[in-house]
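**Q** Numbering (this note's numbering), first residue to last: 1 to 288. Don't be surprised by glycine CBs; every beta carbon is placed ideally from N, CA and C. As the structure is a prediction and not an experimental result, all values here were calculated from the model.
(1) To which residues of the same chain is residue 263 closer than 7 Å at the C-beta, ignoring the five residues directly before and after it?
(2) Excluding the 5 residues preceding and the 5 following residue 83 in the sequence, name in chain order all residues of the same chain whose CB lies nearer than 7 Å to its CB.
(3) Should residue 258 be labelled buried (16 or more other beta-carbon atoms within 10 Å of its own) or exposed?
(4) Consult DSSP for residue 51 and reduce its assignment to one of helix, strand or coil.
(5) Give the DSSP-derived three-state secondary structure of residue 177 in the structure shown.
(6) Out of 222, 58, 213, 275, state which residue places its alpha-carbon closest to the alpha-carbon of residue 241.
(7) Return the chain-ordered ranges of every beta strand (DSSP E) run that is complete within the stretch 166-213 and spans a minimum of 3 residues.
(8) My output table needs one value for residue 99: the three-state DSSP class, helix, strand or coil.
(9) By a C-beta neighbour count over all protein chains shown, 10 Å radius and 16 as the cutoff for buried, is residue 195 buried or exposed?
(10) Taking only the alpha-carbon atoms, compute the straight-line gap between residue 96 and residue 193 and give it to the nearest angstrom.
(11) Note the first and the last residue of the continuous alpha helix (DSSP H) segment covering residue 16.
(12) From the DSSP output, in three-state form, read off residue 65 for me.
(13) If you check the beta carbons only, do residue 104 and residue 217 fall under 8 Å apart?
(14) Need the endpoints of the alpha helix (DSSP H) that residue 123 sits in, please.
(15) Relative to the C-alpha of residue 129, which candidate in 46, 277, 38, 87 has its C-alpha closest?
(16) Can you name, in chain order, every residue of its own chain whose Cβ lies under 7 Å from the Cβ of residue 126, other than the five neighbours on each side?
(17) Got a sec? Which residues, its chain only, sit under 8 Å from residue 59 by beta carbon, not counting five neighbours each side?
(18) Keeping to the same chain, check which residues put their C-beta closer than 6 Å to that of residue 26; ignore five residues upstream and five downstream.
(19) Would you call the CB atoms of residue 70 and residue 247 closer than 8 Å?
(20) Please report the distance separating the alpha-carbon of residue 271 from that of residue 56.
(21) Please report the distance separating the alpha-carbon of residue 12 from that of residue 227.
(22) Taking buried to mean at least 16 other C-beta atoms within 10 Å of its own C-beta, is residue 101 buried or exposed?
(23) Does any residue of chain B have a CB that is nearer than 8 Å to the CB of residue 246?
(24) When you compare only the Cα positions, how much space is there between residue 254 and residue 268?
(25) Rounded to the nearest angstrom, what separates residue 225 and residue 1 at their Cα positions?
(26) Where does residue 267 sit, in a helix, a strand or coil, going by DSSP?
(27) Using the Cα positions of residue 88 and residue 54, report the straight-line distance between them to the nearest angstrom.
(28) Please state the DSSP three-state secondary structure of residue 156.
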């Protein structure tokens with residue numbers, strides 16, 4: 001029963017990549033980013049605001065860090081992902097996102113001066129080869145001649161931003177419950193995105209748009225983190241972490257079934273290498 005929680009979180013995050021891709025033809029990236037965090041803010045307020053007020057001293061002490069986290073996790077990462085969806089596939093987005101633990105591991109070594117093991121370097125190399133296969137679909141010459149597609153580049157940059165967000169979250173150790181941290185992130189993101197939203201040409205809030213916003217704002221922003229935190233409390237961080245590797249797999253399955261995207265042999269091989277490299281790096285880190 002406990003294993004249902006990390007699987008649920010992975011399913012919601014994988015499903016959110018599909019929602020991100022679907023939103024590309026229904027609503028602008030700024031709009032869905034703003035609506036998503038505004039909805040999360042409204043839903044969480046009755047449950048979180050009282051506790052946050054009681055923790056006002058922590059907020060006052062750490063408000064700069066909370067603003068940085070909100071901008072990285074709620075604005076930079078999300079907006080880049082939504083913009084990326086206009087020019088890359090959901091399958092590629094899911095596989096590139098799977099690099100986040102590896103990027104975080106590399107940044108930890110660089111910024112915190114922790115020793116990088118040979119196993120981490122080997123795993124990183126395997127993952128990079130896998131991602132190159134994915135974004136080039138096996139055509140290395142086209143990648144060398146034309147470079148990264150704008151969508152793939154945005155997704156890589158967004159994933160790096162999320163890795164920095166995760167690293168800072170771990171490093172700063174802000175003494176707030178996770179839901180209160182998510183709530184402050186929703187406040188920062190909503191305020192930061194509001195001016196851009198007001199300057200953006202707005203689309204009609206159709207049933208499709210409301211469904212996309214609802215999944216992103218409640219499913220991915222609230223339910224998935226809660227399920228993940230619950231899994232860590234029941235199983236421990238080390239037993240929960242490998243379930244994150246289900247996200248690109250779930251994304252690929254959903255994208256093939258729901259979006260009709262083609263899962264080529266090169267993308268499959270590249271995806272397996274990318275995920276395998278992350279697993280090798282994580283395993284060697286724990287053994288070091």
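**A** Judging by the given coordinates:
(1) Apart from sequence neighbours up to five positions away, the residues of its chain that approach residue 263 with a beta-carbon distance below 7 Å are 91, 252, 256, ordered along the chain.
(2) Non-local C-beta neighbours of residue 83 in its own chain, meaning closer than 7 Å and more than five positions away in sequence, comprise 29, 154, ordered along the chain.
(3) The residue in question, residue 258, is exposed, as its Cβ has fewer than 16 Cβ neighbours within 10 Å.
(4) Residue state, collapsed to three classes: helix.
(5) Looking at residue 177 - three-state DSSP - the assignment turns out to be coil, as it is neither helix nor strand.
(6) With distances taken between Cα atoms, residue 241 lies closest to 275.
(7) Entirely contained in the stretch 166-213, not one beta strand (DSSP E) run reaches 3 residues.
(8) Coil, per DSSP.
(9) Classification for residue 195: exposed.
(10) Spanning the two alpha carbons is a distance of roughly 25 Å.
(11) For residue 16, the enclosing alpha helix (DSSP H) begins and ends at 4-23.
(12) The answer is helix: DSSP assigns residue 65 an H, G or I state.
(13) Against a cut-off of 8 Å, the Cβ pair of residue 217 and residue 104 comes out as no contact.
(14) Going by DSSP, residue 123 is part of the alpha helix (DSSP H) stretching over 118-136.
(15) Looking only at 46, 277, 38, 87, the smallest Cα-Cα distance to residue 129 is reached by 277.
(16) Listed in chain order, the non-local C-beta contacts of residue 126 below 7 Å within the same chain comprise 273, 276, 277, 280, local neighbours out to five positions each way being set aside.
(17) Answer for residue 59: 52, 66, 176, 184, listed in chain order.
(18) 208, 209.
(19) Cβ atoms of residue 70 and residue 247: not closer than 8 Å.
(20) Going from the Cα of residue 271 to the Cα of residue 56 covers about 44 Å.
(21) Rounded to whole angstroms, the separation of the alpha carbons of residue 227 and residue 12 is 10 Å.
(22) A buried status is given to residue 101, since no fewer than 16 other beta-carbon atoms sit within 10 Å of its beta-carbon.
(23) No chain B is part of this structure, which consists of one protein chain only.
(24) Each residue's alpha carbon lies about 14 Å from the other.
(25) Looking at the two C-alpha atoms, the distance is approximately 18 Å.
(26) Correct three-state label for residue 267: helix.
(27) When rounded, the distance between both Cα atoms is 44 Å.
(28) Assignment of residue 156 by DSSP, reduced to helix, strand and coil, places it in the helix class.
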